[in-house]
Structure formats: structure tokens, C-alpha cells
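J.: According to the working numbering, the sequence shown holds residues 22 to 486 in order.
Submitted below is the structure of interest, expressed as C-alpha cells.
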Amino acid sequence: MKYISTRGQAPALSFEEVLLTGLAADGGLYVPETLPTFSAQEIRDMAALDYPALAQRIIAPFVADSIPEDDLKAIIVDTYAAFRHDAVAPLVQLGANQWVLELFHGPTLAFKDFALQLLGRLLDYVLERRHQKVVIMGATSGDTGSAAIEGCKRCNNIDIFILHPHQRVSEVQRRQMTTVVGDNIHNLAVQGNFDDCQAMVKASFGDRGFLPADRSLVAVNSINWARIMAQIVYYFYAGVALGAPDRRVAFSVPTGNFGDIFAGYLARNMGLPVERLIIATNTNDVLHRVMTTHTYGRQPLEHTLSPSMDITVSSNFERLLFDLYDRDGAAIAGLMRDFDAGDVHFSEAAMARASALFSSHRVSDEETCAQIAATWERCEYLLDPHSAIGVNAAQSAGLDPAVPVVTLATAHPAKFPEAVAKAGVGDTPGLPLHLRDLFERPERCEVLPNDLAAVQAFMADNLGA
Ligand SMILES: *Cc1c(COP(=O)(O)O)cnc(C)c1O
Numbered sequence: 022m023k024y025i026s027t028r029g030q031a032p033a034l035s036f037e038e039v040l041l042t043g044l045a046a047d048g049g050l051y052v053p054e055t056l057p058t059f060s061a062q063e064i065r066d067m068a069a070l071d072y073p074a075l076a077q078r079i080i081a082p083f084v085a086d087s088i089p090e091d092d093l094k095a096i097i098v099d100t101y102a103a104f105r106h107d108a109v110a111p112l113v114q115l116g117a118n119q120w121v122l123e124l125f126h127g128p129t130l131a132f133k134d135f136a137l138q139l140l141g142r143l144l145d146y147v148l149e150r151r152h153q154k155v156v157i158m159g160a161t162s163g164d165t166g167s168a169a170i171e172g173c174k175r176c177n178n179i180d181i182f183i184l185h186p187h188q189r190v191s192e193v194q195r196r197q198m199t200t201v202v203g204d205n206i207h208n209l210a211v212q213g214n215f216d217d218c219q220a221m222v223k224a225s226f227g228d229r230g231f232l233p234a235d236r237s238l239v240a241v242n243s244i245n246w247a248r249i250m251a252q253i254v255y256y257f258y259a260g261v262a263l264g265a266p267d268r269r270v271a272f273s274v275p276t277g278n279f280g281d282i283f284a285g286y287l288a289r290n291m292g293l294p295v296e297r298l299i300i301a302t303n304t305n306d307v308l309h310r311v312m313t314t315h316t317y318g319r320q321p322l323e324h325t326l327s328p329s330m331d332i333t334v335s336s337n338f339e340r341l342l343f344d345l346y347d348r349d350g351a352a353i354a355g356l357m358r359d360f361d362a363g364d365v366h367f368s369e370a371a372m373a374r375a376s377a378l379f380s381s382h383r384v385s386d387e388e389t390c391a392q393i394a395a396t397w398e399r400c401e402y403l404l405d406p407h408s409a410i411g412v413n414a415a416q417s418a419g420l421d422p423a424v425p426v427v428t429l430a431t432a433h434p435a436k437f438p439e440a441v442a443k444a445g446v447g448d449t450p451g452l453p454l455h456l457r458d459l460f461e462r463p464e465r466c467e468v469l470p471n472d473l474a475a476v477q478a479f480m481a482d483n484l485g486a
């Protein structure tokens with residue numbers, strides 16, 4: 022399988038090359054040239070598979086020319102054995118045709134583990150074979166950093182440097198990063214804000230001269246194709262469990278960067294009968310504004326109770342746009358150039374296509390708390406604030422009540438005790454057993470000034486042999 026850039030000017034790459042690349046050289050994002058598809062009977066037969074077997078079925082066509090089948094199987098089995106629920110992604114029923122898909126049973130209690138646990142192992146496999154070492158550099162305001170560190174901690178061929186804004190991430194999130202032990206793991210607390218961290222990462226990818234020539238820099242943010250690929254699996258898993266292909270299913274997805282929901286769109290294109298995809302946003306509503314006004318524009322960042330969706334630009338939306346504009350890379354390059362200068366208006370034809378499958382809904386902090394409280398009162402089920410936004414959007418979508426709606430529950434409520442307390446549903450939710458002693462574990466973290474040269478010098482000095 023070949024991967025092509027959404028802006029049409031970068032060379033097509035193999036899976037292995039895409040895995041080791043961030044943005045395409047033309048500034049675009051990589052997508053598969055063609056998608057594998059499954060017939061109704063093939064989808065029906067998926068009902069007999071457990072999660073790892075299903076993952077292998079879905080992922081194999083994407084990596085076929087890079088990783089032999091048996092090796093892929095071993096990697097996938099090992100990846101999902103790290104999850105603490107036998108079903109890996111259990112479905113829970115909240116009401117008549119209302120479901121949540123719990124994606125928080127991985128090591129860091131957020132759905133990002135589904136992709137980053139796999140990504141770390143895929144990278145290690147490929148690097149071992151190539152006798153190559155790489156450096157991962159990323160900025161985080163919370164969930165991505167801990168999931169990336171957990172995913173890569175055993176990889177001998179990777180040095181991972183995660184920047185977070187000093188004293189500006191929650192204590193649970195910080196400890197989930199700083200208590201992971203390993204010589205190849207480096208937490209850098211930068212005396213600046215998240216945007217400063219992100220700017221340093223961007224600058225470093227633009228000029229890698231501070232690293233030795235044999236160490237390439239790899240991105241683990243959601244523009245990495247392998248992350249999207251891993252997320253396609255659970256849409257099939259939930260859909261088949263609820264009767265697909267003989268029954269249509271809708272999904273409500275708490276969304277920031279459009280990565281997770283884009284995986285749902287791909288599942289639909291691969292044959293899963295998806296009735297509707299609901300974009301559930303907090304008040305950082307760039308995607309909701311796109312859907313309702315057809316205009317893509319930046320607005321100032323708001324800090325909400327669902328911080329993992331606090332973004333102003335939704336990078337992965339470019340991947341959908343590429344399809345909405347008939348895969349015309351020059352058109353996408355033009356739109357993105359215009360977006361650098363200001364608001365962009367999308368064509369009515371493109372937006373009509375989007376609206377045929379996607380709806381959107383914006384949920385305030387107040388509504389998020391009310392939803393946590395309401396679901397608790399009705400079902401004694403505790404939602405985290407991101408998942409609550411999804412459930413709220415699902416209930417507001419006006420779908421045919423005969424269609425099951427699955428909300429992706431993207432985080433465990435114990436990660437966000439502040440929102441749960443604001444919702445007034447009683448005690449702080451407890452951390453699962455494997456993290457009960459999180460607050461007693463020693464932390465390792467380097468506080469650095471908000472200075473690119475200082476960060477890069479630290480990285481260069483702390484590379485493994
Ligand atoms: C990252 C994250 C999201 C948003 O995911 P996208 O792929 O950016 O849409 C939602 N909820 C939680 C808990 C997250 O960590």
C-alpha cells in the first residue's frame with residue numbers, strides 16, 4: 022500500500038516510511054492511496070473475532086508490504102495484552118439504543134493508548150530491523166505525552182523527549198509522565214505555556230541540525246498515520262457487536278484534532294454501515310463552526326473542563342477535506358495557504374458532502390457538568406468530561422431512535438477529578454488499581470527555561486548511546 026500527501030507535491034511512501042515521517046515534505050498529511058474494503062459477509066464474520074484478531078484483520082492490508090503477517094500478529098497481541106479489560110474496548114449500555122464504548126482501559130486511561138501502544142511497538146520493530154535509532158519529540162498539554170511515554174518506554178532504539186508547560190498540566194497527568202522510569206525517557210517542564218512548547222517542537226522539526234546526522238526526528242502527534250489506522254479497529258468492533266453489517270450504527274466522538282473521528286470516517290469507507298458521525302466539541306468549536314458556517318477560522322483558545330480537546334486548529338480535518346475536494350492536492354494546498362492568512366470558506370459542494378455523513382454539536386462546561394450529573398443520577402455511571410460531551414451530543418443529534426448510537430468514552434473519570442467535583446456527584450473517582458500509588462511514586466523531570474537553544478542542548482546531551 023502506498024501513502025500520498027493531501028497537498029499532492031510530496032513523494033508517495035510505503036507504510037514503513039510513513040511510520041517514520043511526520044508531516045509530508047509539502048506540508049500535507051499522508052493518507053492511503055486506496056482503502057481496503059470488506060464485504061458484508063466479511064464484516065459479519067468479524068463477530069467471531071476477539072479484539073486483537075479483529076485488529077489484525079483491519080490493520081494487515083495497511084502494512085502488508087512492510088511487516089510479515091506473523092510478526093504483525095505478535096505485535097498486536099502484545100499491544101492489547103497491556104489493556105486491563107478482557108474485551109479491550111467494552112461496550113456499556115446507558116439507555117435504549119444509547120451506548121458508550123469504553124476506550125480507557127489502557128495504561129494511561131485514555132483512548133490514545135490504542136494507537137500509541139501500537140505505534141511504540143511498530144517503531145521498535147522497524148528500527149530494530151533497520152539498525153536505526155530515532156528521537157521522538159512532542160509537546161503535550163496532557164494525555165498525548167503520557168500515552169506516548171508509556172507506548173515507547175521499552176523501545177531501545179528511541180529516545181523520547183516530551184515537553185509540557187511547567188506547572189500547567191494537572192497533577193495526575195504530570196505524574197503519569199514523570200513517574201515512568203527509563204533512561205530513554207525525558208520529561209521537560211518548560212517555563213512557558215503549551216504554545217511555547219509546541220513552537221519549540223515545530224522549530225526543531227524544521228531544523229534538525231542540533232541532533233547527530235544519524236538520528237532522525239519522529240512525530241507522535243495525531244498527524245502520524247499509524248495512530249489513525251489503529252483507531253479504525255474499534256469502530257468495527259463496536260459496530261459488529263451491535264449488529265453490523267445488518268444494522269446501521271451511529272457514533273458520537275468527542276473531538277479536538279479530528280483524528281479519532283476521521284478513523285470512523287475511514288471505517289465507513291471500508292464497508293462498515295455508519296448512519297452518522299457526530300462531531301462533539303467543547304467551546305473550542307472550530308469544527309462546529311465549519312459544519313454550521315462552512316468557514317474555517319481561528320479563535321482564541323479557551324481553557325475548558327475537557328482540556329484534551331482545547332485546540333484552535335484541527336489538523337486532521339485536512340485529511341477529510343482532501344476527499345471532500347475530490348483528492349485535489351493543489352486545491353488543498355491553496356486552501357491551507359489561505360488559512361495561514363485568515364478565514365477560509367469551503368465550497369458548498371464540499372460541505373454538502375460532509376453534511377451527508379457528519380453532524381456537529383458544541384457543549385459548554387456547564388452542559389458538560391449537567392451531563393455528568395444526569396448520567397450519574399439515571400445510570401450511576403460516571404462519565405469523564407470528554408465522554409460527557411459525546412453523550413450530550415449524541416442525545417441532541419435527533420437521530421432515528423431505532424439506530425444505536427455509540428459514544429466513544431475517551432478517558433477514565435479519575436483523570437479529570439475537577440470536572441467530576443464541579444458536577445457535584447460526590448466523591449472523587451478512584452484511580453484503577455495499577456495507578457493507586459501514583460501519588461507516592463518518585464518523579465523524574467527536568468525544568469528548563471523557555472528557550473529553544475537550552476531545550477535542544479539538553480536533548481543533544483541526553484541521547485542514549
Ligand atoms: C486526545 C483526546 C481527545 C480528542 O481526540 P482527537 O483525535 O484529537 O479528536 C478526546 N478526548 C480525550 C480524553 C483525549 O485525550
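We put the CB at the ideal spot given by N, CA and C, even for glycine.
Keep in mind the model is a prediction, meaning the values are calculated, not measured.
I'd like the list of long-range same chain contacts for ASP164, defined as Cβ closer than 6 Å, with 5 residues on each side in sequence excluded.
T.: Within the same chain, ASP164 has close Cβ partners ALA131, LYS133 and SER329.
J.: The beta strand (DSSP E) spanning ALA1 covers which residue range?
T.: Past the boundaries of the shown model lies residue 1; the chain is included only from 22 to 486, so the question cannot be answered.
J.: Does the distance from the C-beta atom of VAL274 to that of ALA76 stay below 8 Å?
T.: Taking 8 Å as the Cβ cut-off, VAL274 and ALA76 do not qualify as a contacting pair.
J.: Can you give the Cα-Cα distance for HIS324 and GLN62, rounded to whole angstroms?
T.: For HIS324 and GLN62, the distance between alpha carbons rounds to 46 Å.
J.: Following a CB-centred definition, is GLY127 positioned closer than 7 Å to any heavy atom of ligand 1?
T.: Incorrect: GLY127 has no Cβ contact closer than 7 Å to ligand 1.
J.: Mapping the DSSP letters down to three states, classify ALA409 as helix, strand or coil.
T.: Three-state result, ALA409: helix.
J.: For a cutoff of 8 Å on Cβ pairs, would you count ILE97 as touching chain D?
T.: Chain labels in this structure do not include chain D; a single protein chain is all it has.
J.: Check whether the Cβ of ASN242 lies closer than 7 Å to any heavy atom of ligand 1, and answer yes or no.
T.: Not so, every heavy atom of ligand 1 lies at least 7 Å from the Cβ.
J.: Smallest Cα separation from VAL476: which of PRO186, ALA136 and PRO57?
T.: Taking only the C-alpha atoms, the option nearest VAL476 is PRO186.
J.: In the DSSP assignment, find the alpha helix (DSSP H) that holds ARG78 and state where it starts and stops.
T.: Residues 72-84.
J.: Assuming ALA418 and HIS382 are in contact, meaning their beta carbons sit under 8 Å apart, how far apart are those beta carbons, in whole angstroms?
T.: Sure, about 7 Å apart at Cβ, within 8 Å.
J.: Is ASP92 helix, strand or coil when you go by DSSP?
T.: ASP92 falls in the helix class under three-state DSSP.
J.: Evaluate contact between the region 222-231 and the region 143-150, counting only Cβ atoms and requiring at least three cross-stretch pairs below 8 Å.
T.: With the cut-off at 8 Å, the region 222-231 and the region 143-150 do not touch.
J.: Going by DSSP, what residue range makes up the beta strand (DSSP E) through GLU123?
T.: It spans 119-123 - the beta strand (DSSP E) in which GLU123 sits, taken as one unbroken run.
J.: What are the start and end residues of each continuous alpha helix (DSSP H) run of 4 or more residues lying completely inside the region 313-393, in chain order?
T.: Fully enclosed alpha helix (DSSP H) runs of 4 or longer: 338-345, 350-362 and 369-378.
J.: Check each candidate in THR55, GLY172, SER167 and ARG175 and name the one with the smallest Cα separation from SER198.
T.: As written in the sequence, residue 198 is Met, which differs from the Ser given in the question. Minimum Cα distance to MET198 is reached at SER167.
J.: Taking the straight line between their C-alpha atoms, what separation do you get for THR313 and LEU456?
T.: THR313 and LEU456: Cα-Cα distance of roughly 42 Å.
J.: Can you check which of these residues, VAL202, ASP180 and ILE170, is closest to ARG462 by C-alpha distance?
T.: Closest option to ARG462, Cα to Cα, is VAL202.
J.: Who does GLY264 pair with in a DSSP beta bridge?
T.: Paired residues: none, contrary to the question.
J.: Kindly indicate which residue of GLY445, ASP71, ALA210 and MET291 has the alpha-carbon position closest to the one of GLN392.
T.: Of the candidates GLY445, ASP71, ALA210 and MET291, the one whose C-alpha sits nearest the C-alpha of GLN392 is GLY445.
J.: Exposed or buried, which one is LEU322 when buried takes at least 16 other CB atoms within 10 Å?
T.: Label assigned to LEU322: exposed.
J.: What is the residue span of the beta strand (DSSP E) that ALA136 lies within?
T.: Not the beta strand (DSSP E): ALA136 falls in the alpha helix (DSSP H), residues 133-151.
J.: Would you tell me roughly how many angstroms separate the C-alpha atoms of ALA470 and ALA430, rounded to the nearest one?
T.: Reading off the sequence shown, one finds Pro at residue 470, where the question assumed Ala. Those two C-alpha atoms are separated by around 36 Å.
J.: Identify which residue in ASP344, ALA45, ALA136 and ARG399 has its Cα closest to the Cα of ARG374.
T.: Checked all of ASP344, ALA45, ALA136 and ARG399; the closest Cα to ARG374 is ASP344.
J.: Less than 7 Å separating the Cβ of MET330 from some heavy atom of ligand 1?
T.: Within the cutoff, so yes.
J.: Could you tell me the alpha carbon to alpha carbon distance between ASN278 and SER336, rounded to whole angstroms?
T.: Each residue's Cα considered, the two are about 6 Å apart.
J.: Which residues in the same chain have their Cβ closer than 6 Å to the Cβ of PHE540, if we skip the five residues on either side of it in sequence?
T.: Lying before the first or after the last residue shown, residue 540 is absent from the chain, which here runs from 22 to 486.
J.: Once you ignore the five residues that flank ALA240 on each side, which residues in its own chain have a CB closer than 6 Å to its CB?
T.: Here the set comprises GLY43.
J.: Is ILE244 helix, strand or coil by DSSP?
T.: Coil, per DSSP.
J.: Just to check, is the beta-carbon of HIS407 closer than 7 Å to a non-hydrogen atom of ligand 1?
T.: Within the cutoff, so yes.
J.: Identify, in the order they occur along the chain, each residue of the same chain with its Cβ nearer than 8 Å to the Cβ of HIS106, setting aside the five sequence neighbours on each side.
T.: Excluding sequence neighbours, HIS106 sits near GLU123 and HIS126.
J.: Confirm the yes/no value for this check: CB of ASN278, any heavy atom of ligand 1, distance under 7 Å.
T.: Yes, since a heavy atom of ligand 1 falls inside the 7 Å radius drawn around the Cβ of ASN278.
J.: Could you name the residues that DSSP lists as bridge partners for GLU464?
T.: Answer is none; GLU464 lacks a bridge partner.
J.: Short of 6 Å in beta carbon distance, which residues of its chain neighbour THR316, apart from the five on each side in sequence? Order them along the chain.
T.: Only ASP364 and HIS366 meet the Cβ criterion.
J.: Cβ atoms of LEU452 and ARG236: under 8 Å apart, would you say?
T.: Taking 8 Å as the Cβ cut-off, ARG236 and LEU452 do not qualify as a contacting pair.
J.: What are the boundary residues of the beta strand (DSSP E) that GLN114 is part of?
T.: First-last of the beta strand (DSSP E) with GLN114: 112-116.
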